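Protein chains in written order, with this note's numbering: chain L, 26 to 370; chain X, 499 to 753; chain F, 385 to 674.
Quick reminder that beta carbons are idealized off the backbone N, C-alpha and C, glycines included.
Just so you know, these numbers come straight off a predicted model, no measurement behind them.
Each remark here refers to the structure printed beneath this line.
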């Protein structure tokens, strides 16, 4: 890592290694297969929320429709592997490429809209997609869903084993994280944040703002599609309700709760919300004897409270003390700064 | 003096009202031209038409012989035209350094793909942007605040920052929309100093300004608008003697 | 011809319901700049509270009034707790907060009323009317009349009363309004309360036709929103017209293409409107947006 990079963006190696260590360690600690499933789902959803974080937190464009892209991936994989006996890997790639282009084409007109209107348009796309998968029942199985999606296998190793699948999912998630970090820690990251702050000024500096917005929208859609394919092969069954607006909203909430301003926030938010869901369900069942969707009350309440009191998300809360620690080091950076500034003249 | 900017008969009508009517003038290389006029004279409208924020009802503008009118806004930076805004448009959530680095965009080849895979080009671009940004930061003396969030700066400093961001990629022509508005005397003089320094490097300016002292001090030539029409054009001395201008400003403070 | 008439009647009925929600959206949006995604939940609350009161033996009209009052109070509480605090944050955060409120209210609905759909007997007991071959449910006429009366009341409220003109002033220029001694915070509370009451009325009116469940809110809320967008965001008549159009679009596409895809078609039209006529389809062409 060059000195300049450190000055501009801080260190990324430490948190990355920490995450890798955590992922490697968890299988030794966690014995419950139930928690393992949750960890796998966190990996899958993190891939979606990472892309969404680039779109929302960096470029400042909202989407209430990413469950549709998640669904395109899942259904492409599902349909191609069951009805057409295609290799799951090929199906996964086809899904991603298709989603990318669909999102790109939709993105060109839609990203001209702002704020509430963009939210409404993406929401509309999600509803249209949902109705389409219900309606095209010859292909998608309609409301009954699509069953018998094969599991993935890698080098002859069937990924039916939870441990294998866990590592597979998290390897993919780490790769997506790495790509996202690369984007964020470059001029593109600055461009996206500039768009967030002032589109007009960004354009004046020579940036074709629309191109960037559409590219990030399509990229985040492709990530969602990848996650969707993995989901389909893991659960081996897909049905329309999984891809309704409620899921889009869930993704959005994960990003915001974690802190949209940082890609690490996406993973944190996904983890927190997933466990929160489970805890609410567990407590509700065991201590209050309530069932069904009752947990949404608590869930709604927590979201309101977090957004009211921690609008920058949990990541912001965590990184603040770390930042304070770094204040001490600032003297060092300053001398370093002087060094380069002198060289600049 | 070779012509950099040529404005030919720019006209803008809003509904039935003519905001700007048949304005023509030139800006030569290395020249500072000011546009003045009472409130509502159409200065900002003219400005926005030249910088392609508004499409004119009639007429066009040329830059180095290329037609500007009808171009997309981002294209202007690539041609070598920079601008600032009357109501400051800085990136509040970026640091001062990052704000200024954004000004280097047209010099960079970073895109989403090579950034995602971190190709060598990216690191080179970071260095280019950083070095260019440092030059600009030095010029306006913001070194000490490089790592502060731009939104935290005082208004005067934010104006300096916006100016620095506009000059990073060394444009040939800079359009300033009321660069001194809201600045105190000290800050005004400082800003005038930057403009003079860049002029000595051969950069041209077109600016709209209300502070007459600054206009008279900086401008080589002044264009006076009133009710959308050009009523006078000339050197500061000529303008100060011009009867039409004095009449238009009657009741307003001149010099 | 008979079929056509039938579609028109049904479309206007559904459209009137959306219109009531759209009026709420327009009022809140123009005064506070917030699009309240929880708006539809007030229809649910209104409908289900009303049913509860009726089942408890209260007379119909008393139940309706209580239900509206309770919904309006909840609207006020929501504004004072969740919205007030976050009013000056970003659009994305406001969207998520109102979604959170929507989720919370839906959950409360589920806890209080369970999952079974509930019925409400029609407000007026009459035989269906045959008109030009169409069968008109008296409830439809009733809904339409209520909409017209409410429009008249709102007109008087906004144009002739002090609070109404204060609200309008807040819409046009919040800063100037503040200088005139109008408190935007009070106006925001008023707007949310009014919108919640209108939502409750919509819910109570539609229940005799479709039954009420805890999850009825979101989609009719969104439809009201669509109506408002199609009508141009800024005026009550526009929003009402837009909402009636959405209702007609829904029944016609349902009738001529497929009921199954009618929602998809509605949203497709919405997206097309957003692309080509972002100021709403009634907006006059004006080149003046600088």
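Pair within 8 angstroms by beta-carbon distance, residue 257/L and residue 125/L: no
Residue 744/X vs residue 534/X beta-carbon contact at 8 angstroms: no
Identified DSSP bridge partners for residue 183/L: 178/L
Local conformation of residue 720/X per DSSP, three classes: strand
C-beta contact flag for residue 654/F and residue 613/F at 8 angstroms: yes
Contact set between residue 647/X and chain L, taken where Cβ atoms lie within less than 7 angstroms: Under the 7 angstroms cutoff, chain L gives no residues; its nearest Cβ is about 11 angstroms from residue 647/X.
Backbone CA spacing between residue 340/L and residue 492/F [nearest angstrom]: 30 angstroms
CB contact flag (residue 526/X, residue 501/X, <8 angstroms): yes
Nearest residue (CA-CA) to residue 537/X, options 723/X, 545/X, 554/X: 723/X
Contacts that residue 513/F makes with chain L (C-beta to C-beta distance below 8 angstroms): Under the 8 angstroms cutoff, chain L gives no residues; its nearest Cβ is about 33 angstroms from residue 513/F.
Within chain L, the residues that residue 659/F reaches when beta carbons sit closer than 7 angstroms: 134
Within-8 angstroms CB hit, residue 362/L to chain F: Low confidence applies here, because residue 362/L scores a pLDDT of 49, under 50, leaving its location unreliable; read the following figure in that light. It does not; no Cβ of chain F falls within 8 angstroms.
Residue 411/F and residue 579/F closer than 8 angstroms at C-beta: yes
Buried versus exposed, by CB contacts within 10 Å (16 or more), residue 151/L: buried
Chain-order list of residues whose beta-carbon lies under 8 angstroms from that of residue 528/X (same chain, five-residue window excluded): 499, 697, 700, 701, 702
Nearest residue (CA-CA) to residue 163/L, options 108/L, 235/L, 280/L: 108/L
Reference residue 650/X, options 524/X, 589/X, 532/X, closest by Cα: 589/X
Contact with chain L by residue 662/X, beta-carbon distance below 8 angstroms: no
Residues near residue 656/X in its chain [Cβ-Cβ closer than 8 angstroms; skip 5 each side]: 586, 588, 648
Straight-line Cα distance separating residue 568/F from residue 327/L: 28 angstroms
Beta-carbon contacts of residue 638/X that lie in its chain and below 7 angstroms, excluding the five residues immediately before and after: 658, 661, 662, 692
Per-residue contacts from residue 614/X into chain L (C-beta, under 7 angstroms): 204, 207, 208
Backbone CA spacing between residue 610/X and residue 137/L [nearest angstrom]: 20 angstroms
Unbroken beta strand (DSSP E) run spanning residue 581/X, endpoints: 579–581
Test item: CB-CB of residue 674/X and residue 645/X under 8 angstroms: no
Close Cβ partners of residue 510/X (< 7 angstroms) along its chain, the five nearest in sequence each way excluded: 517, 518, 543, 547, 552, 554, 555
Straight-line gap, residue 430/F to residue 454/F (C-alpha atoms, nearest Å): 8 angstroms
For residue 276/L and residue 77/L, believed in contact at Cβ under 8 angstroms, the rounded distance: 6 angstroms
Simplified DSSP state of residue 210/L, which is helix, strand or coil: coil
Contact set for residue 143/L: own chain, Cβ-Cβ below 8 angstroms, skip 5 residues either direction: 86, 87, 88, 135, 136
Continuous alpha helix (DSSP H) assignments of at least 4 residues falling wholly in the region 617–688 of chain X: 618–638, 653–665
Between the CA atoms of residue 584/X and residue 168/L - distance to the nearest angstrom: 56 angstroms
Within-8 angstroms CB hit, residue 613/F to chain L: yes
Cβ-based burial, residue 183/L [other Cβ within 10 Å; buried from 16]: exposed
Between the CA atoms of residue 547/F and residue 541/F - distance to the nearest angstrom: 8 angstroms
Identity of the residue in 555/F, 550/F, 607/F, 623/F nearest residue 565/F by Cα: 550/F
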